[in-house]
Amino acid sequence: MRRWSVAALFLLPGSLLIVLFFLLPVVLTLVLSATNLSTTTFSHPSWVGWGNYQELLQARFTPLILKNTLKYVILTLFFNVGMGLLLALITAFLPVRLGDAFRALWLLPRITASVVYVLIWQGLAAVAPYGLLSDLTGNSQNWIQQSPWAVVVLANGVIGASFGMLLFTSAIRAIPSDLLHAAAVDGATTWQSIYRVVLPLLRWPILFVSAYQTLSLLTSFEYILLLTNGGPGFYSTEVWSLSAYHQAFSNYFGNAQFGLGSAMAAVLVVIGVVVSLIYLRVFNFKELLGEPKVEVN
Amino acid sequence: MKGRVVLAILIFLGLAQAQEVITLQAWTIGPEEASRTRATNLVAAAEELNKALVAEKAPYRVKVETSFETTNWDNYHRRLLLAFQSNKAPDIVQSAHVDVGTYADGGYLAPLDNYINEYAQFKNVIPTLWNAVTYKGKRWGIPQDTEARPLYFNKTLLAKLGWSQAQIDALPQQIRDGKFTWQDLIKVGQEAVQKGVVKPGYAYWHRPVNGADFFEYYYACGGSLQDSQNGKLVFSKAASLCAYQLLADLVKANLTSKNLLGMSWDNWHNAVSSGEVLFASAGTWTWAQWATQYYPKDHGGYDYLWKNFGFALQPAIKPGGKPVTLSQPQAYMIWSGSKHADLAARLLAMVTQASFDEKHALQSAHLPVLRTTYALPEIKSNEFLQDVAYLLDFTTFQPMSPGWGQYGDSFFRGISAVESGQLSPQDAVGFVAQELSQKLKGDLEVQ
Chain D
1 MRRWSVAALF LLPGSLLIVL FFLLPVVLTL VLSATNLSTT TFSHPSWVGW GNYQELLQAR
61 FTPLILKNTL KYVILTLFFN VGMGLLLALI TAFLPVRLGD AFRALWLLPR ITASVVYVLI
121 WQGLAAVAPY GLLSDLTGNS QNWIQQSPWA VVVLANGVIG ASFGMLLFTS AIRAIPSDLL
181 HAAAVDGATT WQSIYRVVLP LLRWPILFVS AYQTLSLLTS FEYILLLTNG GPGFYSTEVW
241 SLSAYHQAFS NYFGNAQFGL GSAMAAVLVV IGVVVSLIYL RVFNFKELLG EPKVEVN
Chain U
1001 MKGRVVLAIL IFLGLAQAQE VITLQAWTIG PEEASRTRAT NLVAAAEELN KALVAEKAPY
1061 RVKVETSFET TNWDNYHRRL LLAFQSNKAP DIVQSAHVDV GTYADGGYLA PLDNYINEYA
1121 QFKNVIPTLW NAVTYKGKRW GIPQDTEARP LYFNKTLLAK LGWSQAQIDA LPQQIRDGKF
1181 TWQDLIKVGQ EAVQKGVVKP GYAYWHRPVN GADFFEYYYA CGGSLQDSQN GKLVFSKAAS
1241 LCAYQLLADL VKANLTSKNL LGMSWDNWHN AVSSGEVLFA SAGTWTWAQW ATQYYPKDHG
1301 GYDYLWKNFG FALQPAIKPG GKPVTLSQPQ AYMIWSGSKH ADLAARLLAM VTQASFDEKH
1361 ALQSAHLPVL RTTYALPEIK SNEFLQDVAY LLDFTTFQPM SPGWGQYGDS FFRGISAVES
1421 GQLSPQDAVG FVAQELSQKL KGDLEVQ
């Protein structure tokens, strides 16, 4: 009994936080998603049951927005993880000071406020004479409007890469140098050492970063909002989370649809859970979390 | 003696404390800086109100705390909405007249008919402006200003193109008579691009973000937005197609850049006001905005503008057709949850005076809302306000309906799709009709 009460005591703060900030919002979202709550019906909402979900199913742009979400997550994920890995590999083999300085530089976008960061992108991408890219290339165009996907992926990827970079670097540093020395003695080239020694040992961090980034990309939309606001045109870069935000909070002339926005958010919760389960299953996290294969002293 | 002085001070302090100060909150928006009088006029009116309260020996005084939004409408609407819903809204809200429908339906506004009958100042408001704040038979706002949206043309660039002074001066009348149409504008614009007077894509610009201006094309194409019988929103496929086709033609003929949407307002204003663009649709207030905020500010202000720019109606689509403009009056509204609605109404009566109306009109290039203001010498001698006054004879409004936000957003997405080349005008009309029917269901008539 006493053992359980101590355990409960330790679990309480964490559980409370999870209930307050994870479970409760999900329940609230689910409840809201079954109402027609909007600006005009805020004081007298009524139950619509599955109505909002039906509307989503029938909406012409639902498939496009889902496709955009998939495109955004996959492209940005590849860029994030790939770039993070590349940066980690390059900087890990540089002299420590230089590597640290270089990594600090890559962290700058992450510690810059989103709005300021996007302002810099807009400064890069505007038409001549306001935009740097237009000036440099002599091809005056609004690069964000012209290649919205490239900009969205790059802007997100440059920030996201720093996350992987840090984790991968520390993982690379944790690899005992004996292994690399042994490989060198066996006549391995640098590339072979990376491919045959370093990368296999980075499997766990790579999978962790991929899983974590997938889930956070699914729900992140602030850079798309600031860069393209889902446009140009009909939902060209509108992703699911941005669309939920648009429904619930953003409307040039006023009438915001909280109910419908909540239904979209609820769908996102389901997608997130499914994706998590897939990651857990396919990548066999149980095994990954088992005893380490490399002894670190 | 000393004791008496102390006593007198104590009594004075006691009295001063006994006098209650009622604080009224007021939220206002430009977003252009030149319209800050929407906030400062309220503060000045409160001073007058306090003088009246002193004369009446009232036991209270009024203090107004204002905020003036300079970012954009989207932010402002969101801020308002959250304030309404968390019961922390300001007593007085200034917003566009179209918001009245949504906010009144949501129960956020107090009906003002009783107050309007109570204070004589309101009798001077131009009668048609009351229509703009009337919803379901009640008046929910006090008109604050109105405006019209002209087509600006760059006189210097037209001269470079070989136009004589007489031709340039005659352009507004030509447009007014329906003799210079969008087709003529396209021809002139193409010529300007070909001769290198302007860069490709710089011959005609509309606003770079969503907004009411885009319905000017729809209206010029003969569309209507609301069924006056049953209040339902109307989507005319023919008028939309005509409007979308016009915008597609403008992009195709290299008059309008397909990157225009998404440009920042600052770049837009600087490019147009510094003379890079031949024609541009904007608002009367843009005149003051240019003179005080953008390129002309350091290049002679209003003198520079008069020298380089002219203004006219938005042209008709076909010869003999109807040129148009659009007005979006602003209004002060009172939050239904305000504890001091009576006092707020009295303050609004105080601010609805010719002196304040005049100050705002002169400073921001919006149009006055009081008949008495038009009789003031400074307004009579203000060339710009006089010159744009006739635009109001051709003006149109947006409909008041809770579904209007979704309508406006969908219509704009159609434009964005057409201009970026994502959809043909025909397809875009189909998409918008479908999206609107789905979202607005019974509240929409598709024609």
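If you read the protein sequences in the order shown, they are chains D and U. For the first sequence, my numbering assigns the number 1 to the initial residue and increments by one for each residue that follows. For the second sequence, my numbering assigns the number 1001 to the initial residue and increments by one for each residue that follows. Here a beta-carbon is modelled for each residue, glycine too, at the ideal position from N, C-alpha and C.
Sub-8 Å separation of residue i and residue j beta-carbons
i: D/N80; j: D/G259; result: no
i: U/L1157; j: U/I1168; result: no
i: U/T1181; j: U/A1316; result: yes
i: D/S38; j: D/R110; result: no
i: U/V1125; j: U/V1369; result: yes
i: U/L1278; j: U/F1411; result: no
i: U/V1324; j: U/Y1219; result: yes
i: U/L1260; j: U/P1200; result: no
i: U/A1248; j: U/P1425; result: yes
i: D/L133; j: D/W143; result: yes
6 Å CB neighbourhood of residue i in its chain, flanking five on each side removed
i: D/A92; result: T169, I172
i: U/S1236; result: G1223, Q1447
i: U/H1097; result: A1132, V1133, P1329, A1331
i: U/V1197; result: L1157, K1160, L1161
i: D/L57; result: none
i: U/A1428; result: Y1244, G1414, A1417, V1418
i: U/N1210; result: F1412
N-terminal and C-terminal residue of the alpha helix (DSSP H) that residue i is part of
i: U/G1107; result: Segment: none, U/G1107 is in no alpha helix (DSSP H) and carries neither H nor E.
i: U/A1439; result: The amino acid at residue 1439 of chain U is misidentified as Ala; the sequence shows Lys. Where U/K1439 is concerned, the enclosing alpha helix (DSSP H) stretches over 1425 to 1440.
i: D/R60; result: Neither: D/R60 is in no alpha helix (DSSP H) and is coded neither H nor E.
i: U/F1084; result: 1073 to 1085
i: D/F168; result: 148 to 173
i: U/P1172; result: 1165 to 1176
i: U/M1350; result: 1341 to 1351
i: D/G192; result: According to the sequence provided, residue 192 of chain D is Gln. The question's Gly does not apply to it. Start and end: 190 to 193.
i: U/Y1295; result: No alpha helix (DSSP H) holds U/Y1295; DSSP gives it neither H nor E.
i: U/A1039; result: 1037 to 1055
Residue from the options whose Cα sits closest to the Cα of residue i
i: U/L1225; options: U/D1099, U/L1024, U/L1247, U/G1403; result: U/G1403
i: D/I90; options: D/E55, D/T190, D/L201; result: D/T190
i: U/A1166; options: U/G1107, U/E1445, U/G1310, U/S1095; result: U/G1310
i: D/S46; options: D/T39, D/A34, D/E55, D/L57; result: D/A34
i: U/E1215; options: U/K1199, U/V1198, U/V1234, U/S1274; result: Looking at the sequence provided, one finds Phe at residue 1215 of chain U rather than Glu. Closest option to U/F1215, Cα to Cα, is U/V1234.
i: D/T219; options: D/P232, D/V209, D/Y235, D/A244; result: D/A244
i: U/S1264; options: D/V269, D/N284, D/T228, D/D186; result: D/T228
i: U/T1028; options: U/Q1353, U/P1090, U/K1051; result: U/P1090
i: U/V1100; options: U/E1435, U/L1440, U/I1334, U/K1318; result: U/I1334
i: U/L1151; options: U/L1391, U/V1021, U/P1399; result: U/L1391
i: U/L1024; options: U/G1408, U/D1177, U/Q1183, U/H1340; result: U/H1340
i: D/A239; options: D/R103, D/L199, D/V152; result: Reading off the sequence shown, one finds Val at residue 239 of chain D, where the question assumed Ala. Minimum Cα distance to D/V239 is reached at D/V152.
i: D/R60; options: U/E1435, U/Y1295, U/P1111; result: U/E1435
i: U/G1137; options: U/D1113, U/F1122, U/L1042; result: U/D1113
Span of the beta strand (DSSP E) around residue i
i: U/E1358; result: Per DSSP, U/E1358 belongs to no beta strand (DSSP E); it is in the alpha helix (DSSP H), 1354 to 1364.
i: U/L1233; result: 1233 to 1235
i: U/T1023; result: 1020 to 1029
i: U/R1061; result: 1060 to 1069
i: U/V1446; result: 1444 to 1446
i: U/G1310; result: 1309 to 1312
Those residues which DSSP pairs with residue i across a bridge
i: U/Y1135; result: U/K1138
i: U/D1145; result: U/Q1330
i: U/S1095; result: U/A1331
i: D/L260; result: In DSSP, D/L260 forms no bridge with anything.
i: U/A1280; result: U/Y1152, U/W1205
i: D/V48; result: None, per the DSSP bridge assignment.
i: D/L20; result: Answer is none; D/L20 lacks a bridge partner.
i: U/L1367; result: U/T1146
i: D/T39; result: For D/T39, which the question treats as bridged, DSSP gives no partner whatsoever.
Cβ neighbours of residue i in the same chain (closer than 8 Å, five flanking residues each side left out)
i: U/G1405; result: T1102
i: U/W1285; result: E1032, A1034, S1035, E1147, S1364, A1365, H1366
i: D/A184; result: S193
i: U/N1376; result: The identity of residue 1376 of chain U in the sequence shown is Leu, whereas the question assumes Asn. Within the same chain, U/L1376 has close Cβ partners A1354, E1358.
i: D/G123; result: Y130, G131, L132
i: U/V1432; result: F1235, S1240, S1410, F1411, R1413, G1414
Same chain, Cβ closer than 7 Å to residue i, neighbours up to 5 away in sequence not counted
i: D/S114; result: E222, Y223, L226
i: U/N1308; result: N1154, K1155, T1156, G1275
i: D/P232; result: Q145, P148
Near-chain A residues of the segment 34 to 46 of chain D - C-beta to any C-beta below 9 Å: Absent from the structure is chain A; the protein chains it does hold are D and U.
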